[in-house]
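Note that the protein sequences, when read in sequence, are chains V, H and F. According to this note's numbering, the first sequence is numbered sequentially starting from 1. According to this note's numbering, the second sequence is numbered sequentially starting from 371. According to this note's numbering, the third sequence is numbered sequentially starting from 741. First the structure, in the form of structure tokens, and then the observations on it.
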Amino acid sequence: MSKTTSNDGMLATLSEAPTSRRNFLRSASLTAVGGALVACGSSAAPAAAKQAATVTQAGGPKPGATGGTMGPHDTAAGAGVSAADAMDAMHEKGIKAFPAKTAVYGNQPMPPKIVKGVKVFELTAAEMQWETAPEQFVAALAYNGQVPGPQIRVTEGDRVRIVLTNKLKQSTALHFHGLELPNDQDGVPFITQPPIKPGESHTYEFVVPNAGSHMYHSHHNAAYQVGLGLLGAFIVEPKDKSQEPKVDQDVVFILNDGAHGYTFNGKSFPGTQPIVAKLGQKVRIRYMNEGMMIHPMHLHGMHQTVIAKDGWPLSNPWKCDTLNIAPGERWDVVVNCNNPGTWAFHCHILPHAESDHGMFGMVTALVVQK
Amino acid sequence: MSKTTSNDGMLATLSEAPTSRRNFLRSASLTAVGGALVACGSSAAPAAAKQAATVTQAGGPKPGATGGTMGPHDTAAGAGVSAADAMDAMHEKGIKAFPAKTAVYGNQPMPPKIVKGVKVFELTAAEMQWETAPEQFVAALAYNGQVPGPQIRVTEGDRVRIVLTNKLKQSTALHFHGLELPNDQDGVPFITQPPIKPGESHTYEFVVPNAGSHMYHSHHNAAYQVGLGLLGAFIVEPKDKSQEPKVDQDVVFILNDGAHGYTFNGKSFPGTQPIVAKLGQKVRIRYMNEGMMIHPMHLHGMHQTVIAKDGWPLSNPWKCDTLNIAPGERWDVVVNCNNPGTWAFHCHILPHAESDHGMFGMVTALVVQK
Amino acid sequence: MSKTTSNDGMLATLSEAPTSRRNFLRSASLTAVGGALVACGSSAAPAAAKQAATVTQAGGPKPGATGGTMGPHDTAAGAGVSAADAMDAMHEKGIKAFPAKTAVYGNQPMPPKIVKGVKVFELTAAEMQWETAPEQFVAALAYNGQVPGPQIRVTEGDRVRIVLTNKLKQSTALHFHGLELPNDQDGVPFITQPPIKPGESHTYEFVVPNAGSHMYHSHHNAAYQVGLGLLGAFIVEPKDKSQEPKVDQDVVFILNDGAHGYTFNGKSFPGTQPIVAKLGQKVRIRYMNEGMMIHPMHLHGMHQTVIAKDGWPLSNPWKCDTLNIAPGERWDVVVNCNNPGTWAFHCHILPHAESDHGMFGMVTALVVQK
């Protein structure tokens, strides 16, 4: 996110919200944002919850699972309350942990080197272990140690050079998804270039042809390589910004659903990062789906005005609260943050977002501060 | 459906349609609607069909199944005709049974109690057995004994109070999907309120902020609770109705695909209810997807004009015959019933609608009476 | 495709492109199109690749598979390069084979017989073996020996007669998906007609009511029958063509994903057919999804302008590079072929298009010739 920093210092500690039932509602309006991040002490969770939590895998339940087993629900009345409390404790633990700090964040803005007027970006593809949520490590392929790779942001008409070094054990190639480039810069092995072998580098260079929210990703063994993390945002600002919406934040929001589980910008709840805005601000969100499934993104409390598809402005914007985003698509929306509070913001395929162990995967929040 | 009553007395008995091949086409125009519901006598079905029918489960075949086995198709010519007849008998049996009566219907309009100018709705969540199609009972969680829960219909600016009593063995909470409410009425445990424990009640109260086709559903262990039935329609009429389309019927059409199988308003074919209109009438359909999959809804014989997304009117309506509806989305369409007859109306993911045992799941009909 | 002939003589031999790395980029602009089809000699592929290739099934990997196994990627550095070369060889082999010739092509334009002013089309449904890619034969049900069936193209207001003869072992029926026909021509057994038994014929006759990109397909045991090939395009030209876009080619592009694997017009890569256009031409593509899954179609190098949904012109066309197409939907787009080269064109659900054995399934190319 270009104007959103990582967790430290800036974000709300949702975990500080009081949860005793007596004062919950009274203080609800105070729970939004402030102070430093406080990790949720695991000692606060009941033993039953801890035990159950160890069952949760990085990928969450398999798609289609309903996230419930009948066992605990069939207990007698007294035991039933106890099972409900144990389940609630797991749910509370996840939410109190949010936003949970992880070691490294992807999608970090990447300043170019300027070489004789050319904006030069250097990318290195390599294997790594990636932390999607606290202590959830997955095997990843990453550009510059980030999943998603660093965010490239240039302007229409810029001359750019991207130097990709392949430190993988497989060949690879780089496709600029959405850019209408000369054919030999399109990055498809055996059609527009040979594959880039392990240990080799390849240089792409072009004048940026069309504005919008685009992506870069591997186009070789791509179901595997993109699924494991070889992807990033390629944002092109228009030369003429007079038609652009005036916004206070410009957020890139990349969806994925492969071997890393259900992720937003490479992270799973509670490791996802909230969007934090001041009351009255406008936030532009650039959704990009790099996964294999649709994800209908539902924002609570405020609607989304859809302004562009695949980087092309819509002459007729439309409003929604749930925007369905298919693989390869990009949709730009603007949210007018006129409703204060902490708002759930999640994929509405519910098994991508919640199990009986609590929220996981494709869940974050939009925090509107008074 | 606000203006559509349950089966008795009103709907066509499709099962009365003559099916001997000699007079079928001659009398086809007479088969539309009239008389009382006549259950399809099971004695009419060949033994082979009956035996096969017992294989059909509430959920129908698994998504992705092609609904065919090669075995019966590989028989010799003579036996092949016989197998074809047996298959046809199963198909005919289902269609003759439609609309098959089941014990209880969901989505029934719920009149509020008016308490000092406040519209009060009382909901109780409890376990029950739900009949999706005749003798197909599934474990359900229901509001007021209905799946979907009772239909709430109010007007923009109304003050409403919803009192939810939890008779489940789990905690729960109520989210008003699409309504731009004050944060503390948003119904997300540990973010905007504590969970509502088994045996407890919780009161939501707010001034209805925005018009449109919205939903209410559980937001706690929601993949499980919504999948089992804790959902309903929350329709908000605009204060200024001058921009509303003039229609003769206003139908709510909730799609689901969880443990209950593929359902329309909680029912699977042949237990689904047709929409019955007079020639020349206009019908507004408010689609709502509470499931985990897309459902492209295909209407035969007439097109659908799409007028709103998630309750927000489209400035530029568009036409289609197949409308793709993703989880969490609502789409409003208007159908101009200008083509008389009984028209199939189904999800066009064919394994959600038909197997070699006949139609099931997401199938209903639009009956246009002369 | 009405104006696109089959492979012979016309299409580029992509397999002639030089692939030695030294001269690849230098000659890239020359590789587009020309000469006769040259099959890729299997002797060019290393033994390891050949062995691996035999694993590839008609349907490709199961949806959701990531197309990679960790085994080969975990080899030591030296062996790693060798594994990369072996993988690349498999990828190269597939692309060099494209467009690979198969015995019979579907979707061939079908000229009607004119009988007293009526356009008569005769269709025969029968079992056959269908070749989706070289030596990939699958059990199919086909109209006139084609998958998709022959392309029917008529004009609004034409009187047409379709005579369907059933040589299957099952009953069948023909639905005209998208046409607003009189009810008794709608083709739904037990609702609008009796099933057409094996050995019987049935005649449909009507005046074509509405223009657009429509389909015909079985509506009996349809998950099975359509999945195995009983489908085709039914294109209706408007009477008044003044509002039609002026295009140089008009291409029908039918997507399917059943037991035949992931196919475009009945073929899987490398058996798919490219679209070949001259620089500056405009190509209209009529997408039709006859499968069970969405397919977001991504075109490289140029955008797509969306002009119609389900045959209904959009008053407000919009642009994209990735168009999500759901089962039963038709979308018409126009591509302005202003960027020369061979452009990948594929479903962006990557496991529908690529595995670690190379591209397969829903992949083709748009070739723009200088």
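Even for Gly, the Cβ is constructed at its ideal location relative to N, Cα and C. Nothing here was measured: the structure is a model prediction, and the numbers come from that model.
Chain V contact for residue i (CB, 9 Å cutoff)
| i | result |
| --- | --- |
| residue 724 of chain H | no |
| residue 427 of chain H | Per-residue confidence for residue 427 of chain H stands at a pLDDT of 34, beneath the threshold of 50, marking its modelled position as unreliable; the derived number appears in the next sentence. Answer no: the Cβ-Cβ gap between residue 427 of chain H and chain V never drops below 9 Å. |
| residue 541 of chain H | yes |
| residue 840 of chain F | no |
| residue 836 of chain F | yes |
| residue 832 of chain F | yes |
| residue 1158 of chain F | The structure shown does not extend to residue 1158 of chain F, since chain F spans only 741 to 1110, so no value can be given for it. |
| residue 957 of chain F | no |
Exposed unless 16 or more other CB atoms sit within 10 angstroms - verdict on residue i
| i | result |
| --- | --- |
| residue 664 of chain H | buried |
| residue 1110 of chain F | exposed |
| residue 290 of chain V | buried |
| residue 733 of chain H | buried |
| residue 129 of chain V | exposed |
| residue 205 of chain V | exposed |
| residue 103 of chain V | exposed |
| residue 323 of chain V | buried |
| residue 1019 of chain F | exposed |
| residue 941 of chain F | exposed |
| residue 871 of chain F | buried |
| residue 88 of chain V | buried |
| residue 671 of chain H | buried |
| residue 391 of chain H | Low confidence applies to residue 391 of chain H: its pLDDT is 35, below 50, so where it sits in the model is not reliable, and the reading given next is rough at best. Exposed: under 16 other Cβ atoms inside 10 Å. |
| residue 111 of chain V | exposed |
| residue 610 of chain H | exposed |
| residue 943 of chain F | exposed |
Beta-ladder partner(s) of residue i, from DSSP
| i | result |
| --- | --- |
| residue 908 of chain F | Partner(s): none; residue 908 of chain F has no beta bridge. |
| residue 216 of chain V | V/176, V/232 |
| residue 1009 of chain F | F/1101 |
| residue 873 of chain F | F/876 |
| residue 932 of chain F | Beta-bridge pairing links residue 932 of chain F to no other residue. |
| residue 626 of chain H | H/633 |
| residue 1059 of chain F | F/1045 |
| residue 1094 of chain F | F/1099 |
| residue 237 of chain V | V/155 |
Beta-carbon neighbours of residue i, restricted to chain F and to distances below 7 Å
| i | result |
| --- | --- |
| residue 178 of chain V | 1061 |
| residue 714 of chain H | 928, 931 |
8 Å Cβ cut-off: residues of chain V touching residue i
| i | result |
| --- | --- |
| residue 664 of chain H | 294, 324 |
| residue 682 of chain H | 303, 318, 319, 320 |
Under 9 Å from the C-beta of residue i: neighbouring residues of chain H
| i | result |
| --- | --- |
| residue 340 of chain V | 552, 553 |
Any chain F beta carbon closer than 9 Å to residue i
| i | result |
| --- | --- |
| residue 671 of chain H | yes |
| residue 174 of chain V | no |
| residue 279 of chain V | no |
| residue 315 of chain V | yes |
| residue 528 of chain H | no |
| residue 572 of chain H | no |
Chain H contact for residue i (CB, 9 Å cutoff)
| i | result |
| --- | --- |
| residue 290 of chain V | no |
| residue 953 of chain F | no |
| residue 233 of chain V | no |
| residue 365 of chain V | yes |
Chain H residues whose Cβ lies nearer than 7 Å to that of residue i
| i | result |
| --- | --- |
| residue 966 of chain F | 720 |
Beta-carbon neighbours of residue i, restricted to chain H and to distances below 8 Å
| i | result |
| --- | --- |
| residue 1049 of chain F | 688, 689, 690 |
| residue 374 of chain V | Nothing about residue 374 of chain V can be reported from this structure: the residues present for chain V run from 1 to 370 only. |
Any C-beta of chain B under 9 Å from that of residue i
| i | result |
| --- | --- |
| residue 950 of chain F | Included in the structure are the protein chains V, H and F, with no chain B among them. |
Contact list for residue i against chain F, beta-carbon separation under 8 Å
| i | result |
| --- | --- |
| residue 668 of chain H | 917, 1068 |
Notebook entry, point to check: Which of the residues in the region 692 to 706 of chain H, read from start to end, lie with their CB under 8 Å from any CB of chain F?
Noted result: Under the 8 Å Cβ criterion, the region 692 to 706 of chain H contributes 692, 694.
Next item on the list: Please name the residues in the region 925 to 939 of chain F whose beta-carbon is closer than 8 Å to at least one beta-carbon of chain H, in chain order.
Entry: Correct list: 926, 928, 929, 930, 931, 932, 933, 934, 935, 937, 938, 939.
Next item on the list: May I ask you to list, following chain order, the residues of the region 495 to 526 of chain H that have a beta carbon less than 9 Å from some beta carbon of chain F?
Entry: Of all residues in the region 495 to 526 of chain H, none places a beta-carbon less than 9 Å from a beta-carbon of chain F.
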